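Protein chains in written order, with the numbering used here: chain A, 1 to 264; chain B, 265 to 528; chain C, 529 to 792. The C-beta atom is built at its ideal place from N, Cα and C for all residues, glycine as well. The model shown is predicted, which means the values in this text are computed figures rather than measured ones.
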Amino acid sequence: MKTPIIALLTDFGTKDYYVASMKGVILKINPRCTIIDISHQVSPQDIREGAFLLASVFSYFPEKTIYLAVIDPEVGGKRKPILLRTRNYFFVGPDNGLFTLVAEKDGVEWVIELTHSKYFLSPISSTFHGRDIFAPVAAHLSLGVRPQSLGKRIDQWVRLDLKKPEEKGERLIGEIFFIDHFGNLITNVERKRFFSFIKDSPFEIKVGKERVSKIGQGYWEGEKGEVIALFGSADFLEIAVREGNAQKQLRLNRGDPILIERRV
Amino acid sequence: MKTPIIALLTDFGTKDYYVASMKGVILKINPRCTIIDISHQVSPQDIREGAFLLASVFSYFPEKTIYLAVIDPEVGGKRKPILLRTRNYFFVGPDNGLFTLVAEKDGVEWVIELTHSKYFLSPISSTFHGRDIFAPVAAHLSLGVRPQSLGKRIDQWVRLDLKKPEEKGERLIGEIFFIDHFGNLITNVERKRFFSFIKDSPFEIKVGKERVSKIGQGYWEGEKGEVIALFGSADFLEIAVREGNAQKQLRLNRGDPILIERRV
Amino acid sequence: MKTPIIALLTDFGTKDYYVASMKGVILKINPRCTIIDISHQVSPQDIREGAFLLASVFSYFPEKTIYLAVIDPEVGGKRKPILLRTRNYFFVGPDNGLFTLVAEKDGVEWVIELTHSKYFLSPISSTFHGRDIFAPVAAHLSLGVRPQSLGKRIDQWVRLDLKKPEEKGERLIGEIFFIDHFGNLITNVERKRFFSFIKDSPFEIKVGKERVSKIGQGYWEGEKGEVIALFGSADFLEIAVREGNAQKQLRLNRGDPILIERRV
């Protein structure tokens, strides 16, 4: 039998005891589970960032991987704990939109509200459902517990309203929505969208005070310090600086606009 | 047979080769071991912080988990290397007080000074016993080596003198002793202590310039930016800011006082 | 059969989806593989730092460990993807000098240029060969695929020209080439080199404005705040501050010189 995999995504950081408690809980229930960290450095309480990271990575894991994703500002409040089944994967976490993008990409089979406290720790703290509800549910699921026994099917679940690029005449207007470790500015303009807009026309990309008029093939293009545009490994338009840090050099932030102008 | 678990806590950070060397040493001795990181971001040489983290997490792991904890400012000096057995777990590390709180919580069965160099790497560096003594001992233990063969029983071992909250008339005076990734201010006032002091009286909590007079149920209480008091997932009184960072907003640090006033 | 180990070293950081994608790819190909993180915090694009970390840690892992090392500023450009076999280990990554030091220390058996795209992901992005080429190759290798089937033997591969300490009369001139999490300044002066230069003479070490004239045994030597010199756990001369941070106190950086003067 294959070792089940539980992959963790949180905004807990790696300094505290939070992530390790979740791992302890999982291993107590299923000692044979393989636990993988996706990231624990999602910006605090930033559901959108979490949704993007999850969507960029999930399809590279084996089928039936269980994603345990806890960016959960409303913990202990009204939001529901859920298990979402897509075509190929399982997602356990709060119902706050975190699974919007993976649902779009992989297709949703069903969603269960986690209600059977038999599969939770006891007592349940009001501040840490990652440890007390989500981790034990993921672990029981990895052991083969039937999803139906974890709760009841629901039809409504929360989707984020994620901004897509807008077309205005000869302009496509997107925004920076993720900045990676290297300072690369990742925008919400997907490769397909870009090329269906540009077709064969010449173009100019405006970002901050910079202008770029071609798409590079790699981070090594241009001269040292030159601003380049390319499609990153998640297929979004990205602004980088050769051997440098685009965020620092351009002084831009998440939410800042990027304009693509078609020259006709 | 169950896979043995070795759980690591250090102040080594994750940038250098230190943690990975320990993992290599463990896997060379016991390739079937499951290695889990608790945290490697304990403040450098901060034994108290390490003791708190260990105490907040250890009971969530399976019985017989081996904790390999190395916050070790006196490495190569006079402090002893020890193996401490509590009711349910094993702790390997320096005898400098790091195990004070877990010993209190789980009860100590016995303590062994690690003296049998047969279970150490050779040669032993004077600066990195985590790699050269503690990791190989933990790995041998995980293989089933009898604890007695690792060294000799000792009766004296180091306990930290950890500050407990003090009662002065209608005041309970505690302090901030840990600040987490979210900027939540975790104090040394335990839930039990708080309620046995307050009973049914109204109260006021004074922390920096802030006054709070109720205990919240979750981080989502109050308005955005409001200072709230609640009991965190390790059952200590904690000061947080809704959708914010209490450390930054209140400009407080570890060691700063918190006063609980009973209104009579 | 032993569980194969794949050990990862990158400059990707741990915030993004990059490292996790590599792990997903590996587990999809070989779910039984043990994946260990060495570090993902190599300074961006810093091949020298990566080479040093790898050289400091590799020999502590079991024989046949597969090192998957991706510090790859030229990704998608002209540099070759390679598999390097040393006496005891395998190294998969870009041919840019990252393996210079491990090759020196462990001896090279052969080098293969990775050309057989059958063992790559498809399609291959131009920006992330860590995920699309190196991770799948390492995973296939861990499954027992014959190295010869991964590509063709090459005779030329890139070695870094790493600065060694220079002797000028009664002076040995080295430099700081790594600064660890504690702020310890690690130099390129190896223990052997130091003692073969000094022999039994008295000496003075000059680093910044500081002068040290003895070698300490541990970080606990001297008074709090005192600057000390010692040989660290990778056997290089290192400048530290007792219970302090040498980098902050001395305000020195990588590349700054260290002078060892023999008093005759």
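Secondary structure at tyrosine 67 of chain A: strand, using DSSP grouped into helix, strand and coil. Put simply, the backbone Cα of glycine 50 of chain A is about 15 Å away from that of valine 547 of chain C.
For aspartate 301 of chain B, the neighbours in chain A by C-beta distance under 9 Å run, in chain order, Thr14, Val19, Ala20, Lys23 and Asp37. Judged by DSSP in its simplified three-state form, isoleucine 124 of chain A adopts coil rather than helix or strand. Within the DSSP bridge table, the entry for glutamate 74 of chain A names no partner. According to DSSP, residue pairing for serine 39 of chain A in a beta bridge involves A/Leu9. For threonine 364 of chain B, the uninterrupted alpha helix (DSSP H) run begins and ends at 364-370, by DSSP. Non-local beta-carbon contacts of phenylalanine 618 of chain C in its own chain, meaning distances under 6 Å to residues more than five positions away in sequence, involve Ile594 in chain order. Residues of the segment 41-64 of chain A whose Cβ lies closer than 7 Å to any Cβ of chain C, in chain order: Gln41, Leu53, Ser56, Val57, Tyr60, Phe61 and Pro62. For leucine 114 of chain A, the closest of A/Ile205, A/Gly151 and A/Ser201 by C-alpha to C-alpha distance is A/Gly151.
Taken in chain order, the members of the segment 651-684 of chain C whose beta-carbon sits within less than 7 Å of a beta-carbon on chain A are Ser653, Ser654, Thr655, Phe656 and Arg659. For a cut-off of 8 Å, the C-beta gap from alanine 69 of chain A to leucine 9 of chain A is around 4 Å, short enough to register as a contact.
With respect to the 9 Å criterion, isoleucine 205 of chain A and alanine 229 of chain A are classified as neighbours on the basis of their beta carbons. Secondary structure of leucine 700 of chain C (DSSP, three-state): strand. Valine 476 of chain B: not part of any alpha helix (DSSP H); member of the beta strand (DSSP E) spanning 474-476, first to last residue. For the set C/Val585, C/Phe706 and C/Tyr747, the Cα lying nearest the Cα of arginine 576 of chain C is the one of C/Phe706. Using a C-beta cut-off of 8 Å, the segment 721-735 of chain C makes contact with the segment 692-712 of chain C, since at least three inter-stretch Cβ pairs fall below that distance.
According to the DSSP assignment, proline 400 of chain B belongs to no beta strand (DSSP E) but to the alpha helix (DSSP H) extending over 399-407. Runs of the beta strand (DSSP E) lying entirely within the segment 703-761 of chain C, each at least 3 residues long, are 713-718, 731-735, 738-740 and 755-759 in chain order. In this structure, the beta-carbon distance from serine 549 of chain C to valine 57 of chain A falls below 9 Å.
A Cβ-Cβ distance of about 7 Å is found for the pair leucine 385 of chain B and valine 289 of chain B, placing them in contact under the 8 Å criterion. Here threonine 350 of chain B is buried: its Cβ has 16 or more other Cβ atoms, across all protein chains shown, within 10 Å.
Residue burial is scored here from C-beta neighbours: asparagine 448 of chain B has at least 16 other C-beta atoms within 10 angstroms and is therefore classed as buried. Annotated three-state conformation of arginine 146 of chain A is coil, per DSSP. When DSSP reads this structure, leucine 787 of chain C sits in a beta bridge with C/Ile701 and C/Lys734. Contacts with chain A at 9 Å (Cβ-Cβ) do not include histidine 380 of chain B. Annotation: arginine 254 of chain A has no Cβ neighbours in chain B at a cutoff of 8 Å; minimum Cβ distance is about 17 Å. Near chain A, meaning a CB-to-CB distance below 7 Å, the residues of the segment 454-488 of chain B are Gln481, Gly482, Tyr483 and Trp484. Rounded to the nearest whole angstrom, the C-alpha separation of tyrosine 119 of chain A and arginine 32 of chain A is 18 Å. For glycine 76 of chain A, the nearest CB of chain B lies under 9 Å from its own CB, placing it at the interface with that chain.
Taking a contact as a CB-CB distance under 8 Å, the pair glycine 736 of chain C and leucine 780 of chain C counts as one, their CB atoms being some 5 Å apart. Straight through space, the alpha carbons of aspartate 11 of chain A and phenylalanine 446 of chain B are spaced by roughly 9 Å.
Around the CB of threonine 531 of chain C, fewer than 16 other CB atoms lie within 10 Å, so the residue is classed as exposed. Between proline 94 of chain A and aspartate 72 of chain A, the beta carbon gap of about 4 Å places them in contact (Cβ cut-off 8 Å).
Its Cα nearest to that of arginine 193 of chain A, the residue A/Gly174 stands out among A/Glu221, A/Gly174 and A/Glu210.
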